[in-house]
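Protein sequence lines correspond, in order, to chains A and B.
With my numbering applied, the first sequence corresponds to residues 2 to 346, in that order.
With my numbering applied, the second sequence corresponds to residues 2 to 346, in that order.
Note that the Cβ used here is the ideal one computed from N, Cα and C, for glycine as well.
For reference, the structure is listed below as structure tokens.
There are 2 protein chains.
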Amino acid sequence: METITIKDIARTLNLSTSTVSRALRNSYEINNETKKLVLEYAEKMNYRPNPIALSLRDSKSKSIGVIIPEIANNFFSQLINGIESIAYNMGYHVVIFQSHESYEREVANTNYLVSRKVDGLLVSLSSLTRDLTHFEELLEKGMPIVFIDRVPKNIDIHKIVVDNFFGSYQATEHLIKTGRRRIAHVTSPLYLSITTERLAGYRQALEDNGISFDESYVKYCHHGGMMLEENETAVQELLNLPEPPDAIFTASDRLTTSCMSVLIQKNIKIPEEMALLGFTNTSVAELFNPPLTTVVQPAIDMGHQATELLIRLIEHPKKPTIFETRSLQTSLIIRDSTVEKIVNA
Amino acid sequence: METITIKDIARTLNLSTSTVSRALRNSYEINNETKKLVLEYAEKMNYRPNPIALSLRDSKSKSIGVIIPEIANNFFSQLINGIESIAYNMGYHVVIFQSHESYEREVANTNYLVSRKVDGLLVSLSSLTRDLTHFEELLEKGMPIVFIDRVPKNIDIHKIVVDNFFGSYQATEHLIKTGRRRIAHVTSPLYLSITTERLAGYRQALEDNGISFDESYVKYCHHGGMMLEENETAVQELLNLPEPPDAIFTASDRLTTSCMSVLIQKNIKIPEEMALLGFTNTSVAELFNPPLTTVVQPAIDMGHQATELLIRLIEHPKKPTIFETRSLQTSLIIRDSTVEKIVNA
DNA sequence: ATCGTTATCGGGAACGTTACCAGAAATTGC
DNA sequence: GCAATTTCTGGTAACGTTCCCGATAACGAT
Numbered sequence: 002m003e004t005i006t007i008k009d010i011a012r013t014l015n016l017s018t019s020t021v022s023r024a025l026r027n028s029y030e031i032n033n034e035t036k037k038l039v040l041e042y043a044e045k046m047n048y049r050p051n052p053i054a055l056s057l058r059d060s061k062s063k064s065i066g067v068i069i070p071e072i073a074n075n076f077f078s079q080l081i082n083g084i085e086s087i088a089y090n091m092g093y094h095v096v097i098f099q100s101h102e103s104y105e106r107e108v109a110n111t112n113y114l115v116s117r118k119v120d121g122l123l124v125s126l127s128s129l130t131r132d133l134t135h136f137e138e139l140l141e142k143g144m145p146i147v148f149i150d151r152v153p154k155n156i157d158i159h160k161i162v163v164d165n166f167f168g169s170y171q172a173t174e175h176l177i178k179t180g181r182r183r184i185a186h187v188t189s190p191l192y193l194s195i196t197t198e199r200l201a202g203y204r205q206a207l208e209d210n211g212i213s214f215d216e217s218y219v220k221y222c223h224h225g226g227m228m229l230e231e232n233e234t235a236v237q238e239l240l241n242l243p244e245p246p247d248a249i250f251t252a253s254d255r256l257t258t259s260c261m262s263v264l265i266q267k268n269i270k271i272p273e274e275m276a277l278l279g280f281t282n283t284s285v286a287e288l289f290n291p292p293l294t295t296v297v298q299p300a301i302d303m304g305h306q307a308t309e310l311l312i313r314l315i316e317h318p319k320k321p322t323i324f325e326t327r328s329l330q331t332s333l334i335i336r337d338s339t340v341e342k343i344v345n346a
Numbered sequence: 002m003e004t005i006t007i008k009d010i011a012r013t014l015n016l017s018t019s020t021v022s023r024a025l026r027n028s029y030e031i032n033n034e035t036k037k038l039v040l041e042y043a044e045k046m047n048y049r050p051n052p053i054a055l056s057l058r059d060s061k062s063k064s065i066g067v068i069i070p071e072i073a074n075n076f077f078s079q080l081i082n083g084i085e086s087i088a089y090n091m092g093y094h095v096v097i098f099q100s101h102e103s104y105e106r107e108v109a110n111t112n113y114l115v116s117r118k119v120d121g122l123l124v125s126l127s128s129l130t131r132d133l134t135h136f137e138e139l140l141e142k143g144m145p146i147v148f149i150d151r152v153p154k155n156i157d158i159h160k161i162v163v164d165n166f167f168g169s170y171q172a173t174e175h176l177i178k179t180g181r182r183r184i185a186h187v188t189s190p191l192y193l194s195i196t197t198e199r200l201a202g203y204r205q206a207l208e209d210n211g212i213s214f215d216e217s218y219v220k221y222c223h224h225g226g227m228m229l230e231e232n233e234t235a236v237q238e239l240l241n242l243p244e245p246p247d248a249i250f251t252a253s254d255r256l257t258t259s260c261m262s263v264l265i266q267k268n269i270k271i272p273e274e275m276a277l278l279g280f281t282n283t284s285v286a287e288l289f290n291p292p293l294t295t296v297v298q299p300a301i302d303m304g305h306q307a308t309e310l311l312i313r314l315i316e317h318p319k320k321p322t323i324f325e326t327r328s329l330q331t332s333l334i335i336r337d338s339t340v341e342k343i344v345n346a
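See below:
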């Protein structure tokens, strides 16, 4: 039962490949009986067009490439689910690559996907990506790209983001309203847009509430929480401060869980000694000890929107003048890690 | 800066495509100066061979397909990381597809990957897959396939599994030794091999310790924990028993967290009223309330072994007589969800 | 000088598909 | 009844690459 081709059909049916091809595409210029003949035989033989041949011919592949830092992270895996559901419905396939927060792998993945003739790219930057020429070149060639969440700064691009400023503002405000004054912020490297935006929201919330911003309360982790030691020292440095914080606000998924892990390990009571609140999409935040107050991003919806936009760009390649930015809302889910429970005396 | 082909090189260098092709492959029958000329020009123009054309020609793609239930699950995302690292080093690319525990999507993904000419397949069955003809056909055609974890029963195949019997036995024994007698088992559908093996280990441990097996303590969840309601009723039915269990042993990742979620929701104290122990690879089990005792599978190593085996099968297509089964060990990590803490009086 | 070798290169086919260009047969119009 | 049109089908090139088969020249060897 080898795979059957148009040539095979043509041979057994005594037709030319052109005729078979057109019959299969239901072309108007083919006799109905011939069509029926071909279609039935193709059906019987379980004919499937060879996508490789099609790709080679049309240099397009009906597939979109996804480059993300890592899939073992609920935000990104939910994002992928959002991407897949739309792509699937619109007849596109999704090819996923992880950069593992490495610039080199991001570049390698990009090159490979391009040579594989993906029709478009969905990208969330690695935390170590500072140089963007690999994407800029593609953009100039006209490759449709939509960036998600971790988007480049200072380039005109299509992007799907959340209102990081507000999400961060709201979170910080919540901490202030629940009585915290010395709020630390553990975040990603400054050259990522999400970092500056979240930092700005945090800072604004502090200042709007009469708390002066203190740079020593801000820690930047370059590996996005992938290296526990980095996180550990960040937290330790915070604890060593003359006035250690009474709350930590973490800016990304990994950072949040690894900070919590460090706090537990150091036997610091949450929320009594230290409130904890973080950006994360973990599905099990309510199982944590204590259940974790989180800023969650609409990952699935972001995937939907990004994919819709990308496929629109692919199928209607217009003048690339208007770059679209869609900004979605985060939601703050309050649980026990920021609110002291009233213990019965 | 369009992509450059062998033809382009041939034209500008006044050579034939054959010569250029051979020069690039460093063939012996090409003059060293010509070689140098071609190689330097190719380098300068950043020539990259078109993998699509190569695939079409050789009907192989230097890529392997992965079909798993879902990536938003730590076991599978760790598995993927294991797969990727080996594949990457051996020059293969990895194409990931999710079945979302749906038989239809598993079949669709399989067909697509085959038409995309992947050189081999790594598969972990969906929980709703009972018919295996889509894989059996491929096997007969000689497609290299290695199954992982959720493997078919009653077929001769290559597979990487864990010693489910022992993992389960050990877990159940731990529950017994910590004083539990009425141990429930929440698991996947019976037609999955992991289900019967884990069930057998559970049963054996009970009987070896003088506890008779009671079918009413076993609940099968067909959607692998994807549907919370199914889980909820399972737990509720256990609680409604004349003698409700004092421990629940869950057999898979999703099942474990969703059971815990139900228990918390019903305000049942863990481990005092109910011990909980489950198969899961979640990286945050220690953050849970209480920290969760888990049976963890060596997911990354399983990915390594499966990929090594698969690539060996791809590159050395021998007689398919000897089917290899590699069985790895699980490890029981004891935390508070099964051990009552001594509370200060 | 003729022939077999060696070194070096080009031509063409093939992988599976579609699009363009023709051409034959059938049908229409007058 | 003949030209014009419609209806249907076939041939071929092209996408990028490799490989098989020849071809050409130079070079000794006989």
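In DSSP terms, what residue i is bridged to
i                      : result
residue 327 of chain A : A:161
residue 250 of chain A : A:186, A:278
residue 334 of chain A : A:295
residue 124 of chain B : B:68, B:148
Cutoff 8 Å: residue i Cβ touching any chain B Cβ
i                      : result
residue 113 of chain A : yes
residue 346 of chain A : With a pLDDT of only 45 at residue 346 of chain A, under the threshold of 50, the placement of this residue in the model should not be trusted; the figure read from the coordinates follows. Taking Cβ atoms only, chain B never reaches closer than 8 Å to residue 346 of chain A, which makes this a no.
residue 303 of chain A : no
residue 1 of chain A   : Residue 1 of chain A lies beyond the stretch modelled for chain A, which goes from 2 to 346, so this question has no answer here.
residue 124 of chain A : no
residue 57 of chain A  : yes
residue 298 of chain A : no
residue 287 of chain A : yes
residue 8 of chain A   : no
residue 17 of chain A  : no
residue 127 of chain A : no
residue 99 of chain A  : yes
Whole-Å CB distance - residue i paired with residue j, under 8 Å assumed
i                      : j                      : result
residue 118 of chain B : residue 60 of chain B  : 5 Å
residue 68 of chain B  : residue 100 of chain B : 6 Å
residue 80 of chain B  : residue 304 of chain B : 5 Å
residue 298 of chain A : residue 331 of chain A : 5 Å
residue 338 of chain A : residue 253 of chain A : The Cβ separation is near 16 Å, so there is no contact.
residue 121 of chain B : residue 145 of chain B : 4 Å
residue 147 of chain A : residue 310 of chain A : 5 Å
residue 133 of chain A : residue 149 of chain A : Wrong, their Cβ atoms sit about 15 Å apart, outside the cutoff.
residue 64 of chain A  : residue 95 of chain A  : 7 Å
residue 258 of chain B : residue 288 of chain A : 7 Å
Chain A within 8 Å of residue i, Cβ atoms only
i                      : result
residue 134 of chain B : no
residue 26 of chain B  : no
residue 2 of chain B   : Low confidence applies here, because residue 2 of chain B scores a pLDDT of 47, under 50, leaving its location unreliable; read the following figure in that light. Chain A, which has a Cβ nearer than 8 Å to the Cβ of residue 2 of chain B, makes this yes.
residue 204 of chain B : no
residue 231 of chain B : no
residue 290 of chain B : yes
residue 53 of chain B  : yes
residue 116 of chain B : yes
residue 85 of chain B  : yes
residue 295 of chain B : no
residue 339 of chain B : no
residue 283 of chain B : yes
Any non-hydrogen atom of the ligand ADP closer than 7 Å to residue i Cβ
i                     : result
residue 42 of chain B : Within the structure as shown, the ligand ADP is missing, as the structure has no ligands at all.
Entirely enclosed alpha helix (DSSP H) segments - the stretch 269 to 316 of chain A, minimum 4 residues: Those alpha helix (DSSP H) runs which fall completely within the stretch 269 to 316 of chain A and span 4+ residues are 300 to 316.
Short-range partners of chain A found in the stretch 252 to 281 of chain B, where Cβ spacing is below 8 Å: For the stretch 252 to 281 of chain B, residues whose beta-carbon sits nearer than 8 Å to a beta-carbon of chain A comprise 258, 261, 262, 265.
Residues within the stretch 37 to 49 of chain B neighbouring chain A, beta-carbon criterion of under 8 Å: Going along the stretch 37 to 49 of chain B in chain order, one finds 49 with a Cβ nearer than 8 Å to chain A.
Within the stretch 44 to 116 of chain B, ranges of the alpha helix (DSSP H) (whole runs, at least 4 residues): Correct list: 52 to 59, 75 to 90, 104 to 116.
Chain A contacts from the stretch 60 to 83 of chain B (Cβ-Cβ distance under 7 Å): Listed by position, the residues of the stretch 60 to 83 of chain B near chain A (Cβ gap below 7 Å) are 72, 73, 75, 78, 79, 81, 82.
Segments assigned beta strand (DSSP E), at least 3 residues, entirely inside the stretch 194 to 246 of chain A: Counting whole runs of 3 or more residues, the stretch 194 to 246 of chain A contains the beta strand (DSSP E) stretches 219 to 221.
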